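The next block holds one structure in the form of structure tokens; read it before the comments.
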Amino acid sequence: MPDLPTPQNATEAALLSECWDAVLSYADLCTSGSAAATQLATEAFTHGIDELRAATAASKSTGTGRRVLRLPRIPLLLASVRTVAAAWETNGLGHRLDPDLRLWLHSDKAARYVGPPLHRPLALRGLRDMQEPDAVLLWLAEVESLPLSAVARRLGLDPAAASSELAQVRALFRDRCHRNHIDTPMDAYCRSYARLLDAVTRSPTAETPEDLSRHLARCVECAEAAACLRLHGGGLPAALSSGVIGWGGLAYLERRRRAAEAGMIGGRTDAAVDTGLNEGKPVRPRIGRTGILVTAVLVSALALTVSLMPFGGSKGADASAAQSESTDGQSVADPGPSFPSGSGSDAGSGAGSETGTGTTGSPAVADSTSRPAGNSDQEAQGESSSPAKKQGGAKGSTKSAPPDCRVKYEIVSEWPDGFQASVTVTSTKALATWSLGWTFKDGQRVGQMWDGTFIQDGSHVTATAADYNKTVAANGTVTFGFIGSWTGSNSAARDFTLNTASCATAG
138 MPDLPTPQNA
148 TEAALLSECW
158 DAVLSYADLC
168 TSGSAAATQL
178 ATEAFTHGID
188 ELRAATAASK
198 STGTGRRVLR
208 LPRIPLLLAS
218 VRTVAAAWET
228 NGLGHRLDPD
238 LRLWLHSDKA
248 ARYVGPPLHR
258 PLALRGLRDM
268 QEPDAVLLWL
278 AEVESLPLSA
288 VARRLGLDPA
298 AASSELAQVR
308 ALFRDRCHRN
318 HIDTPMDAYC
328 RSYARLLDAV
338 TRSPTAETPE
348 DLSRHLARCV
358 ECAEAAACLR
368 LHGGGLPAAL
378 SSGVIGWGGL
388 AYLERRRRAA
398 EAGMIGGRTD
408 AAVDTGLNEG
418 KPVRPRIGRT
428 GILVTAVLVS
438 ALALTVSLMP
448 FGGSKGADAS
458 AAQSESTDGQ
468 SVADPGPSFP
478 SGSGSDAGSG
488 AGSETGTGTT
498 GSPAVADSTS
508 RPAGNSDQEA
518 QGESSSPAKK
528 QGGAKGSTKS
538 APPDCRVKYE
548 IVSEWPDGFQ
558 ASVTVTSTKA
568 LATWSLGWTF
578 KDGQRVGQMW
588 DGTFIQDGSH
598 VTATAADYNK
608 TVAANGTVTF
618 GFIGSWTGSN
628 SAARDFTLNT
638 ASCATAG
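So this note's numbering is basically just the index in the sequence shown, starting at one, shifted up by 137.
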């Protein structure tokens, strides 16, 4: 594993202290293990330091005093993570990266970051065009989610004036994005909406005309511009992180927000999605989905052992106790998405099919809950003449299986005529692709969606996977977001279905 570059001065030493945590946090999202994350972060940090040194040398050699256009330190280093990840993919180390990131690296979305400058994401161009102190203030406050008092201390600002300073910097970012949007090559149809888009996004009370809303729902570039130009409503952090970082930008934003809320400034925190990461210490091995499955197997085996032990009391009571111990054990082992527990009707058909598909732990749970403890194999497989056993079998056969998916629907921000929402889906089964449907109660309309595509028919919306996030591991999650419009009321979506199967709704 390569070593970090030795700091040449106090500035580089401070850079390592302030930025390593952010780089490692994003590298964790991009890789499939802790060791790979540390190596990717190390190589990216080395690459970023070299780029900063080259830019400083170039600025001094010209002697003109002109500023070299570049990103602030943290987003520059995060971009280095993306660059090194692309090099890994090219050089045969792609197996160490997140599978969804590998798909994204081969997509048109990734090509925008290395293509012609005028076609790169608008937020990236706008942030690069700002003076570095202004850009750093904007990034730390909006994306890193640091308290404004902490940002003021880090940048040497007057805490009393930090709020007004941030408001001015936001306006400067909007101005740079507006200029870049006008300079972007676009067709005549998009250009006809440019002035209207500027006017609508300036005022928090302005209503978006229906024809512009339809255009934004179809045009990715104009919707991206709208997100950068609309300073009110709380959508600026998402626009910055998605546009500057690219893949995983929203997940990184959620990580930093949670870290700041927990008071872990400079430390690591859990991801917004269920990646199985523990952001306490970088060197500590993380417990991923495999660890959760292994824990479930151990708990199920323990429950089976207890259920087969001969006890001196009533068999029915012992079975109930064993079943209770199995259920309690599962709850302690996995406080998140629960594994489907077997029932009386599933013992004959479901257990065998689960074993055939490679799902571990389910047959043991089914056996421990479908027959009383202490019975021999012959008793368990044969017909029972005991009324208590018959009654228990009937009860098991009518018990409905838990849903295979769970959805968390969250309204991130809301303004007079629109809102931003985040949807996180957890599936207990592995999926080759996914399609999530839901219904709006109050006639809301989806205008723009990221990390997925959508169609809307009346009040019903169907979101389908993007090319880079189709596959979902067992007990894994997928997250996407969208911007929508509303009038009158904006209640949460309901009646979620994943690949036509009903989903439970998380609180």
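The beta carbon of each residue, even a glycine, is placed where N, CA and C say it ideally should be.
On a predicted model such as this, the values are computed, not experimentally measured, just so you know.
DSSP assignment within the segment 204-240 yields the following whole alpha helix (DSSP H) runs of 4 residues or more, N-terminal first: 210-227. By the CB criterion at 8 angstroms, Asp554 and Gly625 fall outside the cutoff. Secondary structure at Phe310: helix, using DSSP grouped into helix, strand and coil. Residue state for Gly613 is assigned as strand, using DSSP reduced to three classes. Cβ contact annotation for Thr342 (same chain, cutoff 7 angstroms, sequence separation greater than five): Pro553, in chain order. Annotated as proximal: Gly589 and Ala600, with beta-carbon spacing under 8 angstroms. With fewer than 16 other Cβ atoms from the protein chains shown falling within 10 Å of its own Cβ, Asn228 counts as exposed. Secondary structure at Cys640: coil, using DSSP grouped into helix, strand and coil. In this structure the segment 299-313 does not touch the segment 222-239; the number of beta carbon pairs closer than 8 angstroms is below three. With 16 or more neighbouring CB atoms inside 10 Å of its own CB, Ala388 falls in the buried class. The alpha-carbon of Glu155 is positioned some 21 angstroms away from that of Ala172. Distance from the CA of Cys327 to the CA of Arg210, rounded to the nearest whole angstrom, comes to 34 angstroms. Non-local beta-carbon contacts of Trp225 in its own chain, meaning distances under 7 angstroms to residues more than five positions away in sequence, involve Gly231, Arg233 and Leu234 in chain order. For the pair Arg351 and Gly574, the Cα-to-Cα distance works out to about 21 angstroms. Excluding its 5 nearest sequence neighbours in each direction, Ala363 has C-beta neighbours in its own chain below 7 angstroms: Leu334, Thr338 and Leu353, listed in chain order.
Within 10 angstroms of the beta-carbon of Gly595 lie fewer than 16 other beta-carbons, which makes it exposed. Shown here for Glu279: same chain residues with a beta carbon closer than 6 angstroms to its own, the five before and five after excluded, namely Leu373, Pro374 and Leu377 in chain order. About 18 angstroms separates the CB atoms of Leu366 and Pro322; that is not less than 8 angstroms, and the two are not in contact. A Cβ-Cβ contact shorter than 8 angstroms links Ala558 with Gly618.
Within the model, the alpha-carbon separation for Ser572 versus Asn606 is close to 11 angstroms. In the three-state DSSP reduction, His184 falls in the helix class (H, G or I). Leu214 places its beta carbon less than 8 angstroms from that of Gly185. Rounded to the nearest angstrom, the gap between the Cα atoms of Thr345 and Pro296 is 36 angstroms. The residue among Asp165, Asp320 and Phe633 with its C-alpha nearest the C-alpha of Cys359 is Asp320. Distances from the alpha-carbon of Thr561 to those of Tyr546, Asp632, Ser550 and Ala569 put Tyr546 closest. Here the C-alpha atom of Gln268 lies approximately 26 angstroms from the C-alpha atom of Ala248. Within the same chain, and ignoring the five residues on either side of Gly386 in sequence, the residues whose Cβ sits closer than 7 angstroms to its Cβ are Ser378 and Ser379.
Per the C-alpha coordinates, the member of Ala191, Arg190, Thr183 and Val273 positioned closest to Val218 is Thr183. Scanning the segment 566-640 from its first residue to its last, the whole beta strand (DSSP E) runs of 3-plus residues come out as 572-576, 582-587, 590-594, 597-601, 613-622 and 631-635. For Cys542, the enclosing beta strand (DSSP E) has its first and last residue at Cys542 to Trp552. As DSSP reads the structure, Thr561 sits in a beta bridge with Lys545 and Thr616. Residue nearest to Arg393 within the set Val615, Asn627 and Leu166 is Leu166 (criterion: CA-CA distance). For a cut-off of 8 angstroms, the C-beta gap from Glu361 to Leu275 is around 17 angstroms, too long to register as a contact. In the DSSP assignment, Thr175 forms no beta bridge with any residue. Setting aside the 5 residues that flank it on each side, Arg262 is surrounded in the same chain by Asn317, each with a C-beta closer than 6 angstroms to its C-beta; the list follows chain order.
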